[in-house]
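Residue numbers (the working numbering): 213 to 278.
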Amino acid sequence: MVLQYQVPDMSCDHCVKAITRAVTEALPGAAVRVELSDHRVTVTGTEDKPTVERAIRGAGYTPTPV
């Protein structure tokens, strides 16, 4: 399954690293791809939407499912 989120408040490489780290720590088997220019986060390897969203929010960002 592919989970995609629009994250409008990401603006730099620090944001990319923070989100990637938060999601992979919450779901170790998940793969995270962040497209900073599109403000899009794609997560594969999991179907656990609540945990992904919680991880992104916990890193200080506002995810909206796409």
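For glycine and all other residues, C-beta sits at the position ideal for the given N, C-alpha and C.
(message) According to DSSP, is Ala243 part of a helix, a strand, or is it coil?
(response) Position 31 of the sequence shown, counted from the start, is the residue given in the question as residue 243. Strand, per DSSP.
(message) If I measure Cβ to Cβ from Asp225 and keep anything under 8 Å in the same chain, skipping five residues before and after, which residues do I get?
(response) Position 13 of the sequence shown, counted from the first residue, corresponds to residue 225. Taken in chain order, the residues that qualify are Leu248.
(message) Just verifying my parser: in three-state terms, what is the DSSP assignment at Thr256?
(response) The count along the sequence shown starts at 1 and reaches residue 256 at position 44. Thr256: strand per DSSP, three-state reduction.
(request) Can you say whether Met222 is buried or exposed, counting buried as having 16 or more other CB atoms within 10 angstroms of its CB? (result) On the sequence shown, residue 222 is found 10 positions in, with the first residue counted as 1. Classified as buried, Met222 has 16 or more neighbouring CB atoms from the shown chains inside 10 Å of its CB.
(message) Just to confirm before moving on: does the CB-CB distance between Val214 and Thr254 stay below 8 Å?
(response) Within the sequence shown, numbered from 1, the residue matching residue 214 stands at position 2. Within the sequence shown, numbered from 1, the residue matching residue 254 stands at position 42. Going by C-beta atoms, Val214 is nearer than 8 Å to Thr254.
(request) With DSSP collapsed to three states, give me the class of Thr276. (result) Position 64 of the sequence shown, counted from the start, is the residue given in the question as residue 276. Note: Thr276 maps to strand in three-state DSSP.
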